[in-house]
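This report refers to the structure that appears directly beneath it.
Number of protein chains: 2
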Amino acid sequence: MTTQQLTQQIHKKKSFLCIGLDVDLNKIPKHLLETEDPIFEFNKAIIDATHDLVVSYKPNTAFYEAYGIKGWQSLEKTINYINEKHPEIFTIADAKRGDIGNTSSMYAKAFFEDLNFDSVTVAPYMGKDSVEPFLAFENKHTIMLALTSNEGAFDFQTLNIDGKELYKTVIETSKNWKNSENLMYVVGATKAEYFTEIRKIIPNSFLLVPGVGAQGGSLSEVCKYGLSENIGLLINSSRGIIYASAEENFAEKAREEALKIQQEMQVILEN
Amino acid sequence: MTTQQLTQQIHKKKSFLCIGLDVDLNKIPKHLLETEDPIFEFNKAIIDATHDLVVSYKPNTAFYEAYGIKGWQSLEKTINYINEKHPEIFTIADAKRGDIGNTSSMYAKAFFEDLNFDSVTVAPYMGKDSVEPFLAFENKHTIMLALTSNEGAFDFQTLNIDGKELYKTVIETSKNWKNSENLMYVVGATKAEYFTEIRKIIPNSFLLVPGVGAQGGSLSEVCKYGLSENIGLLINSSRGIIYASAEENFAEKAREEALKIQQEMQVILEN
Chain A
251 MTTQQLTQQI
261 HKKKSFLCIG
271 LDVDLNKIPK
281 HLLETEDPIF
291 EFNKAIIDAT
301 HDLVVSYKPN
311 TAFYEAYGIK
321 GWQSLEKTIN
331 YINEKHPEIF
341 TIADAKRGDI
351 GNTSSMYAKA
361 FFEDLNFDSV
371 TVAPYMGKDS
381 VEPFLAFENK
391 HTIMLALTSN
401 EGAFDFQTLN
411 IDGKELYKTV
421 IETSKNWKNS
431 ENLMYVVGAT
441 KAEYFTEIRK
451 IIPNSFLLVP
461 GVGAQGGSLS
471 EVCKYGLSEN
481 IGLLINSSRG
491 IIYASAEENF
501 AEKAREEALK
511 IQQEMQVILE
521 N
Chain B
251 MTTQQLTQQI
261 HKKKSFLCIG
271 LDVDLNKIPK
281 HLLETEDPIF
291 EFNKAIIDAT
301 HDLVVSYKPN
311 TAFYEAYGIK
321 GWQSLEKTIN
331 YINEKHPEIF
341 TIADAKRGDI
351 GNTSSMYAKA
361 FFEDLNFDSV
371 TVAPYMGKDS
381 VEPFLAFENK
391 HTIMLALTSN
401 EGAFDFQTLN
411 IDGKELYKTV
421 IETSKNWKNS
431 ENLMYVVGAT
441 KAEYFTEIRK
451 IIPNSFLLVP
461 GVGAQGGSLS
471 EVCKYGLSEN
481 IGLLINSSRG
491 IIYASAEENF
501 AEKAREEALK
511 IQQEMQVILE
521 N
């Protein structure tokens, strides 16, 4: 999928919502545990109930790897289900990978070819040759951690390097990498004013924004400072939507939560 | 496994060699491709031929994920084979993971519980709460990227923060994290003089050292500056050993290469 197609989908659905499919067997409704693949059944119900309200789904690979081969099978079934039923949806493998060049190529193959995700998240610490192998894939997108939404973000990401925070240096440096037009960035919603600074460096890049909702960030604040000409934002919510209820009506309740956010987004897009 | 037990193994085997099991189906001997699980058969042959010369094996997860579920099965068979046949060997899942707290817990569960590795590599960019969930596991070890051996290491890791390179700040900061005694660090062999500086910060921590051999680092130089009282070094070699030959005698040739390095290590340990 191209970024132009993603922007078109946002305008069509009046939504730039991404739902994080972070399935924890301890948190899903009990009746699903009796099925053969509870993780997939959970995801399928969430997808069926919300696909018209979102432009993206984002399974975090940790929640699948924790269940070994069975978990990897659930991940494969989930991505295949989305790609078959809703090919217009932008899929994100939230994997935060990154390694030396030939090894990053193997990760890129895993997520872009074997699983056929539209994008994958990567970590920047190992620099250019750890990210460029991902960027080499046409119409695939590499979402690099810039400023994350957790407390530990302030351990290193905001440290000062010659008068500039590390996360800004990371973003600026990455603009010079080969095929950098395939880069997007993770920017947490916890401090909306950061978006002003970031937009000075990358006016149009898409930003994947965790931290709205459960983690306390404000949607309207993020949009005020973060929206670009092509919208340029994907707002992720995981727990607030998928665990809205642990009863049999979980999918319906998830839809209600997603609808609330989509309606807020519609107002923002129409203004 | 405790670090004391690891040091004992090093003295017993007169080796601190780690072999990286980074299996690429395009590089292994053709006759293995006819077997049901070529990756596992390759690893099994390498392990059978080298286990008395090494203290550690390190599969890089990228090379398994690239083959999807089948690859994950090969990884599981490989770690089970090592744990059953050679429980004295220190196993490293080279996964370079890291995410917000509850997500890192899932990764820790995947590698420490489900697959039962002794250790896992992690990336530091997301800070304290992305690493501490790994450190919470008793007698398990978390090997954090500090200074890597690739060219991109100089993009961010060596940037200057108030007169100190980022990688040093990363190491120093991590010493204050909960259960930091379970930390080890990845330090590339490409510039041996860095080890002097690093040993001032962490005199006794184990360092996992890639970059000797194929990537050009010198074993004797690394040892000169990097050895600690408890040895404190695991020297990794992957391609130089496992791809010594692509013929039917590949395991025998791998043993020859491993033996050369082990003999160099023996001389160093006895001096």
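Here the protein sequences line up with chains A and B, keeping their order.
Take the numbering used here: the last position of the first sequence gets the number 521, and nothing is skipped along the way.
Take the numbering used here: the last position of the second sequence gets the number 521, and nothing is skipped along the way.
Don't be surprised by glycine CBs; every beta carbon is placed ideally from N, CA and C.
query, result
"Beta-carbon neighbours of B:G351, restricted to chain A and to distances below 8 angstroms", "N400"
"Under the three-state DSSP convention, the category B:H336 falls into", "coil"
"beta-carbon B:D287 near the ligand NAP non-hydrogen atom, thresh 7 angstroms", "Judged by which ligands are present, the structure shown has none, so any question about the ligand NAP falls away."
"Own chain, CB closer than 7 angstroms to B:H301, minus 5 neighbours either side, in chain order", "H336 and I339"
"Given 8 angstroms, three or more beta-carbon pairs between the stretch 349-356 of chain B and the stretch 321-333 of chain B", "no"
"Exposure label - B:P453; buried when at least 16 CB within 10 Å", "exposed"
"The stretch 406-419 of chain A: positions lying closer than 8 angstroms to chain B by Cβ", "F406, Q407, L409, N410, I411, D412, L416 and T419"
"Endpoints, the alpha helix (DSSP H) within which A:K263 is located", "T253 to K263"
"Span of the beta strand (DSSP E) around A:T371", "S369 to V372"
"Segment contact, 8 angstroms Cβ cut-off, at least three pairs: the stretch 408-415 of chain A with the stretch 364-382 of chain A", "no"
"Per-residue contacts from A:F367 into chain B (C-beta, under 8 angstroms)", "Those within 8 angstroms of A:F367 in chain B number zero; the least Cβ separation is about 12 angstroms."
"Neighbour flag for A:E315 against chain B, beta carbons, 8 angstroms", "yes"
"For A:S455, the three-state DSSP class (helix, strand or coil)", "coil"
"Neighbour flag for A:G318 against chain B, beta carbons, 8 angstroms", "yes"
"Status (buried if at least 16 other CB within 10 Å, exposed otherwise) for A:S265", "buried"
"Residues near A:I411 by beta carbon distance below 7 angstroms, same chain, minus five either side", "T419"
"Beta-carbon contacts of A:G270 that lie in its chain and below 6 angstroms, excluding the five residues immediately before and after", "K308, N486 and S488"
"As assigned by DSSP and simplified to three states, the class of B:E415", "strand"
"Where the stretch 379-403 of chain A meets chain B: residues whose CB sits under 9 angstroms from a CB there", "D379, S380, V381, E382, L395, T398, S399, N400, E401, G402 and A403"
"B:M515 versus B:S468, B:I421 and B:E315, residue with shortest Cα-Cα distance", "B:S468"
"Residue-level contact to chain A via CB, B:T423, 8 angstroms cutoff", "yes"
"Chain B contact for A:D364 (CB, 8 angstroms cutoff)", "yes"
"Spatial distance of A:A496 from B:I481 (CA atoms)", "52 angstroms"
"Residue-level contact to chain B via CB, A:M376, 8 angstroms cutoff", "yes"
"At least 3 beta-carbon pairs within less than 8 angstroms: the stretch 500-510 of chain A vs the stretch 399-409 of chain B", "no"
"Residue-chain proximity (B:M434, chain A), Cβ-Cβ < 8 angstroms", "no"
"Status (buried if at least 16 other CB within 10 Å, exposed otherwise) for B:Q259", "buried"
"Beta-carbon contacts of A:N389 that lie in its chain and below 7 angstroms, excluding the five residues immediately before and after", "M251 and T252"
"Where A:Q513 falls, given that 16 or more other Cβ within 10 Å makes a residue buried", "exposed"
"Selected residue, minimal CA-CA separation from B:N366, among B:N330, B:A386 and B:V381", "B:N330"
"Reduced DSSP category for A:Y307 - H, G, I as helix; E, B as strand; rest coil", "strand"
"Close beta carbons around B:K332, own chain, < 7 angstroms, minus the five adjacent residues each side", "Note on residue identity: the sequence assigns Ile, not Lys, to residue 332 of chain B. For B:I332, where only same-chain residues beyond five positions count, the Cβ hits under 7 angstroms are I297, Y307, I339 and T341."
"Rounded separation between A:F456 and B:K510 - CA only", "51 angstroms"
"Three-state secondary structure (DSSP) of B:D344", "strand"
"Cβ of B:E334 within 8 angstroms of any chain A Cβ", "no"
"A:Q323: contacting residues in chain B (beta-carbon distance under 8 angstroms)", "I319"
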